[in-house]
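First to last, the protein sequences are chains W and A. Letter 36 of the first sequence, counting from 1, is numbered 36 in our numbering, and no numbers are missing. Letter 78 of the second sequence, counting from 1, is numbered 78 in our numbering, and no numbers are missing. One structure is given here, and the rest of the page talks about it.
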Amino acid sequence: MAGTSPSSNSSRPAVETRQLGRVYKSRKDVVVALQGVDLSVNQGELFGVLGPNGAGKTTLIKILVTLLLPSSGQAWVDGLDVVTDYRALRHRISMVSGGENAGYGLLRVREQLWLFSQLYGMSSSAARSRIDELLERLGLAEVANRKITGLSSGMRQKMSLVRGLMTDPRVIFLDEPTVALDVGAARDVRTEVRRWMREDPTRTVILTTHYMQEADELCDRVAIVNRGEVIAHGTPQALKQQVDEDVIVDLQLEPGRPLLDALRAVEGVGAASAREEDGIDRFSLLLADDAVLPRVLSTVEGSGRRVTGLIRRQPTLEDAFVKLVGRSLHEEDSAENGA
Amino acid sequence: MTQYSPLRIFFKTVVARAYPRVIATWRQVAWIFFDMAFPIVGSLAMVLVYQGLHAPRQYLGFVVMGGAMLAFWQNVLWSMATQFSWDRGNGTLELYTIAPTTFEAVLLGMAVGSMITTTIRAGVILVAGSLLFGISYASGGALAAIGVFLLTLAALYCLGMLLASLFLFYGREAWHLATALQEPVNFLSGLYFPVRALGSYVAGGASLVPMTLGLDAMRQLLLPGTPVFIPVGLETTIVAIQVPLYAVLAGVALRFLETRARSEGKLVTRWE
Numbered sequence: 001m002a003g004t005s006p007s008s009n010s011s012r013p014a015v016e017t018r019q020l021g022r023v024y025k026s027r028k029d030v031v032v033a034l035q036g037v038d039l040s041v042n043q044g045e046l047f048g049v050l051g052p053n054g055a056g057k058t059t060l061i062k063i064l065v066t067l068l069l070p071s072s073g074q075a076w077v078d079g080l081d082v083v084t085d086y087r088a089l090r091h092r093i094s095m096v097s098g099g100e101n102a103g104y105g106l107l108r109v110r111e112q113l114w115l116f117s118q119l120y121g122m123s124s125s126a127a128r129s130r131i132d133e134l135l136e137r138l139g140l141a142e143v144a145n146r147k148i149t150g151l152s153s154g155m156r157q158k159m160s161l162v163r164g165l166m167t168d169p170r171v172i173f174l175d176e177p178t179v180a181l182d183v184g185a186a187r188d189v190r191t192e193v194r195r196w197m198r199e200d201p202t203r204t205v206i207l208t209t210h211y212m213q214e215a216d217e218l219c220d221r222v223a224i225v226n227r228g229e230v231i232a233h234g235t236p237q238a239l240k241q242q243v244d245e246d247v248i249v250d251l252q253l254e255p256g257r258p259l260l261d262a263l264r265a266v267e268g269v270g271a272a273s274a275r276e277e278d279g280i281d282r283f284s285l286l287l288a289d290d291a292v293l294p295r296v297l298s299t300v301e302g303s304g305r306r307v308t309g310l311i312r313r314q315p316t317l318e319d320a321f322v323k324l325v326g327r328s329l330h331e332e333d334s335a336e337n338g339a
Numbered sequence: 001m002t003q004y005s006p007l008r009i010f011f012k013t014v015v016a017r018a019y020p021r022v023i024a025t026w027r028q029v030a031w032i033f034f035d036m037a038f039p040i041v042g043s044l045a046m047v048l049v050y051q052g053l054h055a056p057r058q059y060l061g062f063v064v065m066g067g068a069m070l071a072f073w074q075n076v077l078w079s080m081a082t083q084f085s086w087d088r089g090n091g092t093l094e095l096y097t098i099a100p101t102t103f104e105a106v107l108l109g110m111a112v113g114s115m116i117t118t119t120i121r122a123g124v125i126l127v128a129g130s131l132l133f134g135i136s137y138a139s140g141g142a143l144a145a146i147g148v149f150l151l152t153l154a155a156l157y158c159l160g161m162l163l164a165s166l167f168l169f170y171g172r173e174a175w176h177l178a179t180a181l182q183e184p185v186n187f188l189s190g191l192y193f194p195v196r197a198l199g200s201y202v203a204g205g206a207s208l209v210p211m212t213l214g215l216d217a218m219r220q221l222l223l224p225g226t227p228v229f230i231p232v233g234l235e236t237t238i239v240a241i242q243v244p245l246y247a248v249l250a251g252v253a254l255r256f257l258e259t260r261a262r263s264e265g266k267l268v269t270r271w272e
């Protein structure tokens, strides 16, 4: 069905997809980036899309913002078909990507933002007033007249958020908006996103993120995408309940030979992930019950590595993710996957 | 969220996209040296060749006028057509695409924005070259020549939009095309000699670039005794037809290639 979304206006989802798929073809190979994705995001929701690198998150976003055509299925944003109504849809959406480098370095912050506001037809006076308001909120008022080339990456990312918010979109797509930001800048971005949503309860945010804590803290609901498919969705709380009955243990080990595969092979270990922090290997293990722990410790001992810490803790969204996907988001970025 | 009319968005986009180029005129003054000194040297070289060959005096006028027009052709080729490749590389093209504006407006803004520097550059070549080599022009044809010049410029920038559509889809692959279009077009359009010298077929083919006929017409109007390829009236008519022709073709190509680029994922590919 082309044109408007099948739902009525009042109950219309902000985003809806049906069996959405995308295949990238090149001379050498065919990559299925997305397949059979069914999603429905309500107006006023902050919806998270989580998944490892290459899972299909960005492909999904690019289809929804009309930069990519789907290979199969359908998608509507604010009731408009992303394929047939893309021109009308572009008035209503906005996108901010992490590490964004768009624009012109010789322009000053305020000038650059004004430039992009004009692509939406805003009056210059309204644009300037909105820009100043958002710059103030995000702590960028002092650099409003600084050239883009003189901004830190955190400032640049906040400026991109101002660009995304200033045109007052119905739905904004935030693709890893806090990636590589320091703690303070990331907090400012999250605070502003929340405040922006509070201003109008029908505003919708679709957020992809690598940070589980961010998703847990911000999102009303999340979808977990892996290998192009949505493997689970629901509220962070509901997803965490999937690991409620598991025993979750964090192990800290001194560096040594790779152990992750051996731990995963232990009977009763539902999932395991590892990362290296400050020279210490940290493993998170989902165990079927307490009886599995001695077998885990025996495996560690057999490998010749020394345990420096062991904590049993409450489940997090990351634990649910690891159980569903089989690995953590940090794992592929880790220098030593086999930690 | 207010939804504005397409016409309003079009004009606001033109002004906004022109802005960085106008600002660059003052913030990056190095262009005064690079954009003016080097082209003058190029024209000077051709003048010296003609003087060495004892060519008729009006040939010096051909070189100076050709040098001035070259500024606009290079602007179309490198500051307009290829700009989408840069914009794609840093993600700006994605933002243009998802905005409710049109690529035509963005491209027109680029053209308008770079008009200041290009016109200054062309003007300097024309004035300096004319004074330096003592070239005199027929004042009677000046107004008509200005009309032909403006028409040629319009056709040239519409052709630039058409070429830009290729960069929308092909990215850096299309650089080869831009490179290929530079020197051959400089030669075939008769920048430094009357295009009639190339023969009817070659000159006819070269007439696809509006600069060929526009320049020939301006020379006929300003430099009496210029060998006539085809009469000024016909040349002007053809250039006038090229304006809407290239504008429509550019619109169709931009639309078609945007859809293909969305289909093949080209708009989301950065450096390629």
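Glycine residues also receive a C-beta, built at the ideal position from the N, C-alpha and C atoms. For clarity, every value in this text was computed on a predicted model and none was experimentally measured.
Query	Result
Within-8 Å CB hit, Q118 (chain W) to chain A	yes
D281 (chain W) - DSSP class collapsed to helix/strand/coil	strand
Beta-carbon contacts of Y96 (chain A) that lie in its chain and below 8 Å, excluding the five residues immediately before and after	D87, F103, V106
CB of F72 (chain A) within 8 Å of CB of Y192 (chain A), strictly	no
Beta carbon proximity, A340 (chain W) to chain A, threshold 8 Å	The first residue shown for chain W is 1 and the last is 339, placing residue 340 (chain W) beyond what the model contains.
Interface positions of the segment 101–119 of chain A facing chain W (Cβ-Cβ less than 7 Å), listed along the chain	T101
Spatial distance of N186 (chain A) from Q74 (chain A) (CA atoms)	10 Å
Cβ shell of L287 (chain W) (< 8 Å), same chain only, five flanking positions each side left out	D246, V247, I248, V249, G268, V269, G270, L293, V296
Range covered by the beta strand (DSSP E) that runs through M95 (chain W)	93–97
Nearest neighbour of T226 (chain A), chosen from A:Y137, A:M46, A:F169 [CA to CA]	A:Y137
Cα-Cα separation, I206 (chain W) to A154 (chain A)	43 Å
Residue(s) in a DSSP beta bridge with I23 (chain A)	Answer is none; I23 (chain A) lacks a bridge partner.
In DSSP terms, what I9 (chain A) is bridged to	DSSP output for I9 (chain A) lists no bridge partner at all.
Residue from A:L166, A:A247, A:A253, A:C158 with nearest C-alpha to V76 (chain A)	A:C158
Backbone CA spacing between P169 (chain W) and A206 (chain A) [nearest angstrom]	48 Å
Expected contact under 8 Å - CB spacing of L119 (chain W) and V162 (chain W) to nearest Å	Their Cβ separation, rounded to whole angstroms, is 15 Å, which puts L119 (chain W) and V162 (chain W) out of contact at 8 Å.
Status (buried if at least 16 other CB within 10 Å, exposed otherwise) for A55 (chain W)	buried
Proximity test, Cβ basis, 8 Å: I98 (chain A) and chain W	yes
Integer Cβ distance of I224 (chain W) from V325 (chain W), believed to fall under 8 Å	7 Å
Cutoff 6 Å; reference I311 (chain W); Cβ partners in own chain excluding five residues on either side	D250
Backbone CA spacing between Q213 (chain W) and E318 (chain W) [nearest angstrom]	8 Å
Burial state of L215 (chain A), where buried means 16 or more other Cβ atoms lie within 10 Å	buried
Coil, strand or helix - F116 (chain W) by DSSP	helix
Coarse secondary structure for E176 (chain W), derived from DSSP in three states	coil
Alpha-carbon spacing of Q112 (chain W) relative to R128 (chain W), whole angstroms	11 Å
Inter-residue Cα distance where the pair is A13 (chain A) and T92 (chain A)	It should be pointed out that residue 13 (chain A) corresponds to Thr in this sequence rather than to Ala. Roughly 14 Å separates the two Cα atoms.
DSSP-derived helix/strand/coil call for D250 (chain W)	strand
Identified DSSP bridge partners for D81 (chain W)	W:W76
Buried versus exposed call for L67 (chain W) [16 or more other C-beta atoms within 10 Å across all chains shown]	buried
The segment 72–90 of chain W / the segment 234–241 of chain W touching (three or more Cβ pairs under 8 Å)	no
Completely contained alpha helix (DSSP H) runs for the segment 80–129 of chain A, where each covers 4 or more residues	83–89, 92–98
With 16 other Cβ atoms within 10 Å as the buried cut-off, status of Y165 (chain A)	Reading off the sequence shown, one finds Ser at residue 165 (chain A), where the question assumed Tyr. With 16 or more Cβ atoms within 10 Å of its Cβ, S165 (chain A) is classed as buried.
Closest by C-alpha distance to A14 (chain W), when choosing among W:R22, W:L106, W:R92, W:S72	W:R92
Simplified DSSP state of I206 (chain W), which is helix, strand or coil	strand
Classification of I230 (chain A) by the beta-carbon crowding that lies within 10 angstroms, buried from 16 upward	buried
Per DSSP, cross-strand counterpart(s) of R22 (chain W)	W:L34
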